[in-house]
Structures are given as structure tokens and as C-alpha cells.
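Here's the structure, in C-alpha cells; my notes come after.
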Amino acid sequence: MIEEVRQRGDLVELVGEHTRLKRAGRTFRGPCPLHGGEGPNFSVDPQKGFFHCFVCGEGGDIFAFPMKHLGMDFLDAVRYVAERAGVEIPDPREEAPQADPNQPLYDANAFAADWYRRQLESDTGRVARDYLQKRGIGGDVVERFRLGWAPEAWTAFGDVARSQGIRNEQLLAVGLVKEPKQPGREPYDALRGRVIFPIEDLGGRVIAFGGRVLDDSVPKYLNSPDSPIYHKGQELYGLGWSRGAIRRAETALVVEGYMDYVSLAAHGVPNVVAPLGTALTPEQAERIARYAQRAILLYDSDKAGLRATFRSGDALLRAGVEVLVATLPKGEDPDSLVRSKGGEALKKYLDDAVDVLERKIQILELRDYFGSISGTRRAIDALIPTVRAASDEV
């Protein structure tokens, strides 16, 4: 059990709760939370799983940190790390341990994920299975990411959930159902006629859902609202699965949506994350910075995609991450590219990726901003946020 906690625990994330860390090569550096000070004298090596301060000399593994910093004994330190890693350890010293007030919400989501998964395997899920298979997403990938299917019926899920004792208050709190406009009726299912993508925290608990339609109707995606256990601007889809691969590659590939993520994973590209919106938030960028020195943005090249690319690039630069932009052929996205040409075909475009500032200049040149004095002024205004973001870490 202790080794499981050690393997599942994230030393960078744990220490990052107590001091501001910045990537420095293969390690992370920041002020020492043990003796104080402002210089970057405290080093965390995520690959070796150790920390060390070059001033006070303190160091150790993931359990030593809460022992030295918070004064815990060894067992309390193990429980402290386990709680953050999503590993349950019973405490024999507590006769009546207090229940997590949010546990009913986790339970509702866990029930929903299992129910959606079973619908995908049923006769009603055949259309969704065919859709996934055409995209090269087979049973092992479906199983790994717990993909599911929400039938078209308005109250199919809610009726089953309520019959199992899950209250409407829980279902409404996590956005699995919605209140009807007509009073006196039961809430209706929020996700219907969609492939379901459970969103997990780093401990593997389902905290929210995304749903994608099978055709071109809009909205293409629907997502769970923020809740007591889910904050969209802080989470990254698939990070729990990909963080090891990202850390080994020192590079995160950032794609727009769930389908891009799952399709790349199915075609042998593991170091991927997806924001749960269009552009990365500062909190999401900081999360990526804990695992990657470099990020390659693989967004669409339309107007909205470019806007999200440069906003995400600025957020990552401020977090201390080198940012490159890969440009795919017109009309292609990561999902369609690997489906038609395989995962190896993506390598060429990743190798050709350019610095985010260079890409912004390319776009401005294509739009002839530098052909006049007034255009050049507007171009400079457009470049300044990226230059400033990069300069923040100089």
C-alpha cells in the first residue's frame, strides 16, 4: 500500500501547494518552504522522487516533505499523500471517520459513468460503437477512458439513478440532470444522444462528463457545469493518464477536444492533454508546467482556433513553458489526420512546429499587416502580449 501511494503521489504537486515552483531543466526550483527565503534554492526532482534544499540541507522523498514541513509522523504523512493521490487508506485510530461531504457527488458520477458504459455495450449503443470504430477507437481504448453512450430518451438515466436511491439534489449538483421549465416534472437528462467522455481527477475519480454528438449538429460538445468537485478552468482532460508520458517526453501536445485526445492515444501518441474549453487558463498552464518543459499546440487554424492558440500560448509562456505551434494541412485536425494516415504521420508536423511568436508573425504577414504603417502598428499591438508573456520568465 505504501509503495502504491509513493507511485501515485505527485511530489511536484504536493510541494507546489506550499511554495511556487518553476521548471528548471529536469527539475523544479523555488523558495524553500522549510527554512524560508526567496531564492530558488529548493529543488524537486520528479523522476527520482526526491527534494533537496541547497541552503538548509533538508531533503527526502514524498513522505519526508509533510513530515519535515508539517510535523507529521510517518503514518500521517502516508495518509496525507494518499488523500491527494486518490488512494484510500483506512485509519484504524478513528472509530467513526468523518465522511467526505462530497462523496455522494462522486458516487453519483461513478454510477453515471458505469451506466453510460453499459449503454454503449447495449443494442442502443450500436450507433455509437460504429462511430468509434470508424475512428479507430477500439475496445481497449474505450475501456481505458471509460467511454460511454447517453441514449436519446429524455429521462432514461435519471429514472434509473433515482430508482437506485440517488437523489435529484445530487444529480443536479453535478449537472447530470437539469430542472424542467414546467413545474411538477422530474428533472431531465443533461446528456442525450452523445458519446460520453468521463473526466477524471488525478486520483481516477470521475468528476464531470463531456458529451459529443455523432453528426454535425450543434453544439458539438456539451460539458458538465462547475460543481463542488469540478472546476473546469483547473482540470485537463486525460492528464491522469498522460502525465507520465508527458514527463518522459518533456513535451505536452495540447489539442482542442476529447475526440482529438482519445484518437491520438488510440494511435500511439500518449503525451497529450486537452483543455475543457477553447483556450488554456493560467491554472491549466501551471499544471502542464509541472510535467513539461515544452508544449506543442495543435489547435484548428480557423479564426477561433488561432485566437485560442495564441491565448493558450501566452498562458503557457507565463508558466515558464516553451511553446511551439504545429500547423496541420487545411481541413485536418489531429483526429482526422491520424485516422487517415496513422500516428506516425503526425511526427512530421510536430517536427515542423515553430515558436508561438514566430507563428503569430507568420499570420500577421499572411494578412498583410506589415504592408502599411497603420497595419504595422496593429501588428505590434498584437505581438506585445506574447512578448510580455515570454519576458515574464526572463
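Here the numbering used here is used: the first residue of the sequence shown is 691, the next is one more, and so on.
Ideal Cβ positions, reconstructed from N, Cα and C, are used throughout, including at glycine.
Values in this document were obtained by computation on a predicted structure and should not be read as measured data.
message: Taking 9 Å as the threshold (C-beta atoms), are residue 1027 and residue 1018 in contact?
response: Reading the sequence shown from its first residue, position 328 is the one you call residue 1018. Reading the sequence shown from its first residue, position 337 is the one you call residue 1027. Cβ atoms of residue 1018 and residue 1027: closer than 9 Å.
- request: Within 10 angstroms of the Cβ of residue 944, are there 16 or more other Cβ atoms? Answer buried if so, exposed if not.
  value: Sequence index remark: in the sequence shown, residue 944 carries index 254 (1-based). With 16 or more Cβ atoms within 10 Å of its Cβ, residue 944 is classed as buried.
task: Check whether the segment 1071-1082 touches the segment 1044-1059, counting contact only when three or more Cβ pairs, one atom from each stretch, lie closer than 8 Å.
output: yes
query: Does the separation of the CB atoms of residue 892 and residue 900 fall below 9 Å?
result: What you label residue 892 is simply residue 202 of the sequence shown in a count that begins at 1. What you label residue 900 is simply residue 210 of the sequence shown in a count that begins at 1. Cβ atoms of residue 892 and residue 900: not closer than 9 Å.
task: Evaluate contact between the segment 819-830 and the segment 794-804, counting only Cβ atoms and requiring at least three cross-stretch pairs below 8 Å.
output: no
field: Pick from 1033, 1065, 778, 693 that is closest to residue 894, judged by C-alpha positions
entry: Walking along the sequence shown from the start, residue 894 turns up at place 204. Residue 778 is the option with its Cα nearest to residue 894.
- request: Mark residue 760 as exposed unless 16 or more other C-beta atoms lie within 10 angstroms of its C-beta, in which case mark it buried.
  value: Against the sequence shown, residue 760 aligns to sequence position 70. Flag for residue 760 reads exposed.
message: Just to confirm the assignment, what range does the alpha helix (DSSP H) spanning residue 931 have?
response: Taking the first residue of the sequence shown as position 1, residue 931 is located at position 241. Looking at the DSSP string, the run of the alpha helix (DSSP H) that includes residue 931 is 929-939.
task: Go through its chain and collect everything with a Cβ distance to residue 698's Cβ below 6 Å, but skip five positions before and after it.
output: Position 8 of the sequence shown holds residue 698. Around residue 698: 775, 777.
message: Give me the DSSP bridge partner(s) of residue 742.
response: Translated into the one-based positions of the sequence shown, residue 742 becomes position 52. Partner(s): 733, 749.
message: Could you compute how far the alpha carbon of residue 885 sits from the alpha carbon of residue 694?
response: Along the sequence shown, one-based indexing puts residue 885 at 195. Along the sequence shown, one-based indexing puts residue 694 at 4. Each residue's Cα considered, the two are about 32 Å apart.
query: Are the CB atoms of residue 949 and residue 902 nearer to each other than 9 Å?
result: As a first step, residue 949 must be located in the sequence shown, where it is residue number 259. As a first step, residue 902 must be located in the sequence shown, where it is residue number 212. Yes, the Cβ-Cβ distance between residue 949 and residue 902 is below 9 Å.
query: Straight-line CA distance for residue 665 to residue 985?
result: Not covered by the structure: residue 665. The range shown for the chain is 691 to 1084.
query: How is the alpha helix (DSSP H) around residue 998 delimited, first residue to last?
result: Counting from one through the sequence shown, the residue named residue 998 turns up at place 308. Counting along the chain, the alpha helix (DSSP H) containing residue 998 begins and ends at 993-1008.
message: Just to confirm, is the Cβ distance from residue 711 to residue 980 under 9 Å?
response: Against the sequence shown, residue 711 aligns to sequence position 21. Against the sequence shown, residue 980 aligns to sequence position 290. Going by C-beta atoms, residue 711 is nearer than 9 Å to residue 980.
- request: Any chance you could list the beta strand (DSSP E) runs of at least 3 consecutive residues sitting entirely within the segment 954-999, in chain order?
  value: 962-965, 984-988
query: Which residue's Cα is closest to the Cα of residue 937: 1011, 972, 918, 968?
result: Reading the sequence shown from its first residue, position 247 is the one you call residue 937. Of the listed residues, the one whose Cα sits closest to residue 937 is 1011.
task: List the endpoints of the continuous alpha helix (DSSP H) containing residue 805.
output: By one-based count along the sequence shown, residue 805 stands at place 115. Per DSSP, residue 805 belongs to the alpha helix (DSSP H) from 793-811.
- prompt: If we count the other Cβ atoms within 10 Å of its Cβ and call it buried at 16 or more, is residue 997 buried or exposed?
  reply: As a first step, residue 997 must be located in the sequence shown, where it is residue number 307. Per the 10 Å Cβ criterion, exposed.
query: So residue 970 packs on residue 1002, CB below 8 Å; how close in whole Å?
result: Working through the sequence shown from its first residue, we reach residue 970 at position 280. Working through the sequence shown from its first residue, we reach residue 1002 at position 312. Confirmed, about 4 Å.
task: Just confirm the distance between the C-beta atoms of residue 709 and residue 727, as a whole number of angstroms; I'd bet it's less than 8 Å.
output: In the sequence shown, the residue the question calls residue 709 occupies position 19. In the sequence shown, the residue the question calls residue 727 occupies position 37. The pair is not a contact, with the Cβ atoms about 10 Å apart (cut-off 8 Å).
- request: Determine the closest residue to residue 974 out of 962, 922, 815, with distance taken between C-alpha atoms.
  value: As a first step, residue 974 is located in the sequence shown; it is residue number 284 there, counting from the start. Ranking the options by Cα distance to residue 974, first place goes to 922.
message: Measuring only the C-alpha atoms, how far is residue 857 from residue 802?
response: The residue labelled residue 857 in the question sits at position 167 within the sequence shown. The residue labelled residue 802 in the question sits at position 112 within the sequence shown. Looking at the two C-alpha atoms, the distance is approximately 13 Å.
message: What would DSSP say about residue 877, mapped onto helix, strand or coil?
response: On the sequence shown, residue 877 is found 187 positions in, with the first residue counted as 1. Coil, per DSSP.
field: Integer-rounded CB distance, given that residue 925 should sit under 8 Å from residue 978
entry: Translated into the one-based positions of the sequence shown, residue 978 becomes position 288. Translated into the one-based positions of the sequence shown, residue 925 becomes position 235. Incorrect: roughly 12 Å between the Cβ atoms, too far for contact.
field: Minimum C-alpha distance to residue 990 - residue among 1025, 1007, 982
entry: Counting from 1 along the sequence shown, the entry for residue 990 is found at position 300. When only C-alpha atoms are compared, the closest one is 1025.
field: Alpha carbon of residue 707 to alpha carbon of residue 755, nearest angstrom
entry: One-based indexing of the sequence shown puts residue 707 at position 17. One-based indexing of the sequence shown puts residue 755 at position 65. Their backbone Cα atoms lie some 12 Å apart in a straight line.
- prompt: Nearest to residue 859 by alpha carbon, out of 917, 805, 1000?
  reply: Position 169 of the sequence shown, counted from the first residue, corresponds to residue 859. Looking at the Cα atoms, 917 is the closest of the given residues.
field: Separation of residue 960 from residue 747, as counted between CA atoms
entry: Translated into positions along the sequence shown, residue 747 becomes position 57. Translated into positions along the sequence shown, residue 960 becomes position 270. Each residue's alpha carbon lies about 37 Å from the other.
query: Can you give the Cα-Cα distance for residue 1033 and residue 928, rounded to whole angstroms?
result: As a first step, residue 1033 is located in the sequence shown; it is residue number 343 there, counting from the start. As a first step, residue 928 is located in the sequence shown; it is residue number 238 there, counting from the start. For residue 1033 and residue 928, the distance between alpha carbons rounds to 18 Å.
- prompt: Of the residues 872, 749, 789, 904, which one's Cα is nearest the Cα of residue 739?
  reply: Counted from its first residue, the sequence shown places residue 739 at position 49. Out of 872, 749, 789, 904, 749 has the C-alpha closest to the C-alpha of residue 739.
- request: Return the chain-ordered list of same chain residues with a C-beta closer than 8 Å to the C-beta of residue 715, the five sequence neighbours on each side being excluded.
  value: Mapped onto the sequence shown, residue 715 falls at position 25. Contacts found: 983.
field: Same chain, Cβ closer than 6 Å to residue 1083, five either side skipped, listed in chain order
entry: Counting from one through the sequence shown, the residue named residue 1083 turns up at place 393. Low per-residue confidence applies at residue 1083: pLDDT is 49, beneath 50, and the placement is therefore not dependable, though the value from the model is reported in the following sentence. Excluding positions up to five away in sequence, the list reads 1010.
Span of the beta strand (DSSP E), counted from its first residue to its last, around residue 901: Residue numbering aside, residue 901 sits at position 211 when the sequence shown is read from its first letter. Its beta strand (DSSP E) spans residues 896-902.
- prompt: Identify the residues that DSSP records as bridge partners of residue 839: which are they?
  reply: Taking the sequence shown and counting its residues from 1, the one referred to as residue 839 is at position 149. Looking at the DSSP assignment, residue 839 forms a beta bridge with 885.
field: Distance between beta carbons of residue 851 and residue 861, contact taken as under 8 Å
entry: Taking the sequence shown and counting its residues from 1, one reaches residue 861 at position 171. Taking the sequence shown and counting its residues from 1, one reaches residue 851 at position 161. Confirmed, Cβ separation roughly 6 Å.
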